[in-house]
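Comments concern the structure below.
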Amino acid sequence: MGTTITISSNHWMMAWTGLEINTLAIIPFIAKSHHPRAIEATIKYFLTQSAASALVLFSSMINAWLTGQWDITQLNHPLPCLMLTTAIAIKLGLAPFHFWFPEVLQGSHLTTALLLSTLMKFPPLTLLLMTSKSLNPTLLTTLAITSMTLGGWMGLNQTQTRKILAFSSISHLGWMALVIIYNPKLSLLAFLLYTVMTTAVFLSLNKIKVLKLSAMLISWTKTPTLNAALMLTLLSLAGLPPLTGFSPKWLIIQELTKQETTPAATIAAMLSLLGLFFYLRLAYHSTITLPPNSSNHMKMWYTRKTPSTLTAILTSLSISLLPLSPMILTMT
Numbered sequence: 015m016g017t018t019i020t021i022s023s024n025h026w027m028m029a030w031t032g033l034e035i036n037t038l039a040i041i042p043f044i045a046k047s048h049h050p051r052a053i054e055a056t057i058k059y060f061l062t063q064s065a066a067s068a069l070v071l072f073s074s075m076i077n078a079w080l081t082g083q084w085d086i087t088q089l090n091h092p093l094p095c096l097m098l099t100t101a102i103a104i105k106l107g108l109a110p111f112h113f114w115f116p117e118v119l120q121g122s123h124l125t126t127a128l129l130l131s132t133l134m135k136f137p138p139l140t141l142l143l144m145t146s147k148s149l150n151p152t153l154l155t156t157l158a159i160t161s162m163t164l165g166g167w168m169g170l171n172q173t174q175t176r177k178i179l180a181f182s183s184i185s186h187l188g189w190m191a192l193v194i195i196y197n198p199k200l201s202l203l204a205f206l207l208y209t210v211m212t213t214a215v216f217l218s219l220n221k222i223k224v225l226k227l228s229a230m231l232i233s234w235t236k237t238p239t240l241n242a243a244l245m246l247t248l249l250s251l252a253g254l255p256p257l258t259g260f261s262p263k264w265l266i267i268q269e270l271t272k273q274e275t276t277p278a279a280t281i282a283a284m285l286s287l288l289g290l291f292f293y294l295r296l297a298y299h300s301t302i303t304l305p306p307n308s309s310n311h312m313k314m315w316y317t318r319k320t321p322s323t324l325t326a327i328l329t330s331l332s333i334s335l336l337p338l339s340p341m342i343l344t345m346t
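With my numbering applied, the sequence shown covers 15 to 346.
Here is the structure:
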C-alpha cells in the first residue's frame, strides 16, 4: 500500500506518507528472528529511514515556501532539489550514504533482504524519476560514480553472501542514478532487470540455505542444477554479454555517449570490472567441485526437491533476455 501511494501521488505529503507506511511495514520483518543482530539492523534501518523521511518532508516544505507549489514535478529551486537528492540517496543507500545498507541486510533473513534490495527501493526511485528534469547533473553523477566505486571495491573482500549482494545493489543503483537525468525510462528498465536478476539469486540462495562463501563451496552436492543456474544468474548480474545483465549496461553506456558524457561512460565501464571480480568469485564458489582448501562444513546430501516455478522463470529471464534488446530500445 505504501509503494502504491508513493508511486501514484502528485502531492509531496502523500508521497511522504507512502514512504512512512513502507518503512513501518518492513520493520517487523527485519526484527522477526529476535536475534541481537536483527534488532540492531532494525534500529539502524528505522533511524536512517526516519532521518531520510524527515529530510524529504523538510525539502518539500522549503520548496512550497519558496515556490508555492506542493506538486512533486514542480521542484524548481536548487536548495530543495539538493536536499531531496540527498534524502533519496539516503533512502536508496547510494554512496556516501550507504553504510546502513550492508549492515541491515546482514542482520535480516534472505527473503527480507530480497524485499529491502528490490521492492523497498522502488518508491524512492520513483520520486527521483518524477523529479529527474529538475535534478543537479553534477551531484547525481558524483553520487553515481562514488556508488559504483565503493560498491565494487567494498564487495571484493566480503565473505557473507548478503553483504556481497548489498554492495552489488549499491553498485547497480549507481548505474541507474548515472542515466536518470538523460533517460528516466532507461533507468526504470535497469531497475526492473536488476530486480529480476537479484530476486532469482536470493531465491536460489534461500533454497540451498547458503549465507557465506565457505558454505557455498560444498552446496553443489545438494542441488547441482540450481547451482549451475545460479552461476549463470550471477554472471548475468555482472553484465557479461550473452546474458540479460549486459543489456542495461550496454544501453546506459550508449545513452551516456549520445549525451556527450563520454568520460562518465568510460569510468562506469571501467568500474564494472570491480563488480565482475566478486561476481566471478561467487560464481566460482557456487559450482566448484573440489575445494582448494579444507572446509569445516560437512558435505550436503543430494536432494530431489525441485526449486519453485518462480525461481525457474526468473532464472530463465535473467539469462535469456538479451536478444530482446532492440525491442526494449524502441520502448525507451
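All C-beta atoms, glycine included, are put in the ideal place defined by N, C-alpha and C.
Query, Result
"Where residue 120 sits in the DSSP three-state scheme", "helix"
"Complete beta strand (DSSP E) runs within the segment 162–244 (minimum length 3 residues, chain order)", "none"
"Among 271, 258, 85 and 301, nearest to residue 340 - alpha-carbon criterion", "258"
"Contacting residues, own chain, Cβ-Cβ under 7 Å from residue 95 (five flanking each side not counted)", "89, 148, 149 and 150"
"Candidates 133, 64, 334 and 270: closest to residue 18 by CA position", "133"
"Under the three-state DSSP convention, the category residue 299 falls into", "helix"
"CA nearest to the CA of residue 256, picked from 269, 296, 332 and 228", "332"
"Continuous alpha helix (DSSP H) assignments of at least 4 residues falling wholly in the segment 35–98", "50–81"
"DSSP beta-bridge partners of residue 25", "85"
"Distance between beta carbons of residue 103 and residue 157, contact taken as under 8 Å", "6 Å"
"Neighbourhood of residue 110 by C-beta, 7 Å cutoff - its chain only, sequence neighbours within 5 removed", "160"
"Supposed contact pair residue 174 and residue 120 - C-beta distance, whole angstroms, cut 8 Å", "6 Å"
"Coarse secondary structure for residue 291, derived from DSSP in three states", "helix"
"Assumed close pair residue 191, residue 108 - CB separation to whole angstroms, cut-off 8 Å", "6 Å"
"Residue 32 in three-state terms, based on DSSP", "helix"
"Endpoints, alpha helix (DSSP H) assigned at residue 269", "260–272"
"Reference residue 250; option with closest CA among 187, 290, 124 and 277", "290"
"For residue 282 and residue 324, the rounded distance between their alpha carbons", "32 Å"
"Rounded separation between residue 163 and residue 280 - CA only", "13 Å"
"Inter-residue spacing [alpha-carbon to alpha-carbon] between residue 129 and residue 299", "25 Å"
"Rounded separation between residue 177 and residue 248 - CA only", "15 Å"
"Coil, strand or helix - residue 322 by DSSP", "coil"
"Nearest neighbour of residue 343, chosen from 210, 197 and 275 [CA to CA]", "197"
"Endpoints, the alpha helix (DSSP H) within which residue 144 is located", "136–144"
"Three-pair Cβ contact test at 8 Å for the segment 261–272 versus the segment 221–232", "no"
"Where residue 38 falls, given that 16 or more other Cβ within 10 Å makes a residue buried", "exposed"
"Three-way DSSP call (helix, strand, coil) for residue 253 in this model", "coil"
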